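In this text, residue positions in the sequence shown follow the numbering used here: the first is 19, and each later residue adds one.
Presented below is the structure to which this report refers.
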Amino acid sequence: MIPYVPHPTVEVFGYTLQAFRVLALLAIAVQVEMTVRRAPRVGIAREVASALVIWAVVIGLVSAHVFDVVAYRPEVLWADPLE
19 MIPYVPHPTV
29 EVFGYTLQAF
39 RVLALLAIAV
49 QVEMTVRRAP
59 RVGIAREVAS
69 ALVIWAVVIG
79 LVSAHVFDVV
89 AYRPEVLWAD
99 PLE
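Below you can see the structure in the form of structure tokens.
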């Protein structure tokens, strides 16, 4: 069995930063940069690629949150539909 290792956290201005969130944000930022840099090589304008990637990230994060609430925490959805 793989042992459970707690994720490290850091307090920054009263907000708890978790290692997973920092790494996920870093992965998104690196992928955005890679996509925007590669776009001109395949014939897509940097501005178009940048807008497309930003929309994809925003829609992906929102839909992931909606799925999380609906699939794993439906009681929160019933208590506060705007969650």
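Every residue gets a Cβ at the ideal spot worked out from N, C-alpha and C, and that includes glycine.
This structure is a prediction, so every number in the text was calculated from the model and none was measured.
Would you check if the region 66 to 80 and the region 47 to 57 touch, i.e. whether three or more CB-CB distances between them fall below 8 Å?
-> Counting Cβ pairs under 8 Å, three or more are found: they touch.
Return the chain-ordered list of same chain residues with a C-beta closer than 8 Å to the C-beta of Leu35, the five sequence neighbours on each side being excluded.
-> Excluding residues within five positions, the ones whose Cβ falls inside 8 Å are Thr27, Val28 and Glu29.
Note the first and the last residue of the continuous beta strand (DSSP E) segment covering Val30.
-> Element bounds for Val30: Thr27 to Val30.
Contact check, Val84 vs Ala67 under 8 Å by CB: the rounded distance?
-> No, Val84 and Ala67 are not in contact; Cβ-Cβ is about 26 Å, not under 8 Å.
Have a look at Gly32, Val87 and Phe38 and flag the residue whose alpha-carbon is nearest the alpha-carbon of Val23.
-> Out of Gly32, Val87 and Phe38, Phe38 has the C-alpha closest to the C-alpha of Val23.
Spatially closest choice to Leu44 from Val94, Asp98 and Val75, by CA coordinates = Measuring C-alpha to C-alpha distances from Leu44 to each of Val94, Asp98 and Val75 identifies Val75 as the nearest.
Tyr33, DSSP secondary structure in three states | Three-state result, Tyr33: strand.
Endpoints, alpha helix (DSSP H) assigned at Asp86 = First-last of the alpha helix (DSSP H) with Asp86: Arg64 to Tyr90.
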